[in-house]
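In order, the protein sequence lines correspond to chains C and V.
Going by the numbering used here, 53 is the number at position 53 of the first sequence; the sequence numbering is gapless.
Going by the numbering used here, 1083 is the number at position 83 of the second sequence; the sequence numbering is gapless.
We treat Cβ as the ideally placed atom computed from N, Cα and C, and that holds for glycine.
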Amino acid sequence: MKLTSNLSGGRLTMALSGELDQHAAKELAVKMEERLEADLPRECVLDLGELRFMDSSGIALILRVCKRMRALGGRTRVENVQPQPMRVLDASGIGRIIEID
Amino acid sequence: MNELNTVTFDFPSRSVNEAFARGAVACFAAQLDMTLTELGDVKTAVSEAVTNCAVHAYPDSIGNIRMRLRILEGGVLEIQVKDKGRGIEDVERARQPLFTTGGEDRGGMGFTIMESFMDTVKVRSRVGSGTTVTMRKRVGRRPAGR
């Protein structure tokens, strides 16, 4: 599991690659929250283009980011979702509360 | 339903083994003519079941997980994940979307995902003695209309 991030004009893009399960999410949640606290972005984009696998641990993680962004008065967007993670996002109904491209 | 093949794995409830369980089910299921979507669904369901053992069955210790995979007649894949952990007090409640005892790290979506991605999900649990989740899915490319 790899995380790369890029801050540009108030938009923080965090790109996840690898497989996101509960094992990976534990460490990742800490890293992502550190980035949010350090950068205090207006918009957070989660780029899942290189994410090969995700289970419901990913849903919990996205919701956590979304909650923190709302507290900051910003928004969250998920993009480049591959087919397997998209099925998990669809099954969870999370598309009703966040923007998915 | 007649059993055509089976394998059983015992492994400790370390979270690193969630990936092992997904890999193992993918290798075994390669004997079936699955679509990529079906393979993804099965791996996701296994990941959820094994995560439940690591997080909920054995919250403060490492315990054993037994995963039995079977191929049944008619292209049915059966996955059983069994622990001897603390058990679930109210199975019906645990199966409700968004219900979790796991805090903000967990979304309470595990059983919902298993139920969406598999044809059947049976849960047997006794407080203090453990939980067994048995899931089945009919897989394989079939001609349209059959």
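So, is residue i buried or exposed, given that buried needs 16 or more other C-beta atoms within 10 angstroms?
| i | result |
| --- | --- |
| Ala60 (chain C) | buried |
| Met1001 (chain V) | exposed |
| Ala38 (chain C) | exposed |
| Lys1137 (chain V) | buried |
| Arg1126 (chain V) | exposed |
| Leu1098 (chain V) | exposed |
| Arg1146 (chain V) | Residue confidence for Arg1146 (chain V) is low, a pLDDT of 44 falling below 50, so the modelled location carries little weight; the figure read from the coordinates is stated next. The residue in question, Arg1146 (chain V), is exposed, as its Cβ has fewer than 16 Cβ neighbours within 10 Å. |
| Asn1052 (chain V) | buried |
| Lys1122 (chain V) | exposed |
| Ser993 (chain V) | Only positions 1001 to 1146 of chain V appear in this structure, which leaves residue 993 (chain V) out of reach. |
| Leu1036 (chain V) | exposed |
| Ser1061 (chain V) | exposed |
| Val1016 (chain V) | exposed |
| Ala1029 (chain V) | buried |
Looking at the unbroken alpha helix (DSSP H) that takes in residue i, where does it start and where does it end?
| i | result |
| --- | --- |
| Glu1073 (chain V) | Neither: Glu1073 (chain V) is in no alpha helix (DSSP H) and is coded neither H nor E. |
| Ser1047 (chain V) | 1036-1052 |
| Val1127 (chain V) | No alpha helix (DSSP H) holds Val1127 (chain V); DSSP gives it neither H nor E. |
| Asp90 (chain C) | 83-92 |
| Arg1095 (chain V) | From DSSP, Arg1095 (chain V) is part of no alpha helix (DSSP H); its letter is neither H nor E. |
| Arg68 (chain C) | 56-71 |
Examine chain V for any beta-carbon lying closer than 8 Å to the beta-carbon of residue i, and answer yes or no.
| i | result |
| --- | --- |
| Ser17 (chain C) | no |
| Ile98 (chain C) | no |
| Val129 (chain C) | This structure cannot speak to residue 129 (chain C), because chain C is shown only from 1 to 101. |
| Arg87 (chain C) | yes |
| Ala118 (chain C) | Any question about residue 118 (chain C) goes unanswered here, given that chain C covers just 1 to 101. |
So, using beta-carbon positions, are residue i and residue j closer together than 8 Å?
| i | j | result |
| --- | --- | --- |
| Thr1006 (chain V) | Arg1070 (chain V) | yes |
| Met1109 (chain V) | Ser56 (chain C) | yes |
| Ser5 (chain C) | Arg35 (chain C) | yes |
| Ile1079 (chain V) | Val88 (chain C) | no |
Taking 8 Å as the CB-CB limit, is residue i close to chain C?
| i | result |
| --- | --- |
| Glu1048 (chain V) | yes |
| Glu1018 (chain V) | yes |
| Gly1140 (chain V) | no |
| Asp1119 (chain V) | no |
| Val1055 (chain V) | yes |
Once you ignore the five residues that flank residue i on each side, which residues in its own chain have a CB closer than 8 Å to its CB?
| i | result |
| --- | --- |
| Ala25 (chain C) | Ser57, Gly58, Ala60, Leu61 |
| Asp47 (chain C) | Thr13, Met14, Ala15, Leu16, Glu79, Asn80 |
Within a Cβ cutoff of 7 Å, which residues of the same chain sit near residue i, ignoring the five residues on either side of it in sequence?
| i | result |
| --- | --- |
| Lys1043 (chain V) | Arg1022, Val1025, Ala1026 |
| Lys31 (chain C) | Leu3 |
Which two residues bound the contiguous beta strand (DSSP E) that contains residue i?
| i | result |
| --- | --- |
| Lys2 (chain C) | 2-8 |
| Leu1032 (chain V) | Looking at the DSSP string, Leu1032 (chain V) is not in any beta strand (DSSP E), and its letter there is neither H nor E. |
| Leu1004 (chain V) | 1003-1012 |
Once the 5 residues before and after residue i are set aside, which same chain residues still bring their CB inside 6 Å of it?
| i | result |
| --- | --- |
| Thr1120 (chain V) | Arg1136 |
| Tyr1058 (chain V) | Ser1013, Gly1085 |
If you measure from the beta carbon of residue i to each beta carbon in chain A, is any gap under 8 Å?
| i | result |
| --- | --- |
| Pro41 (chain C) | In summary, chain A is missing from the structure at hand, where the protein chains are C and V. |
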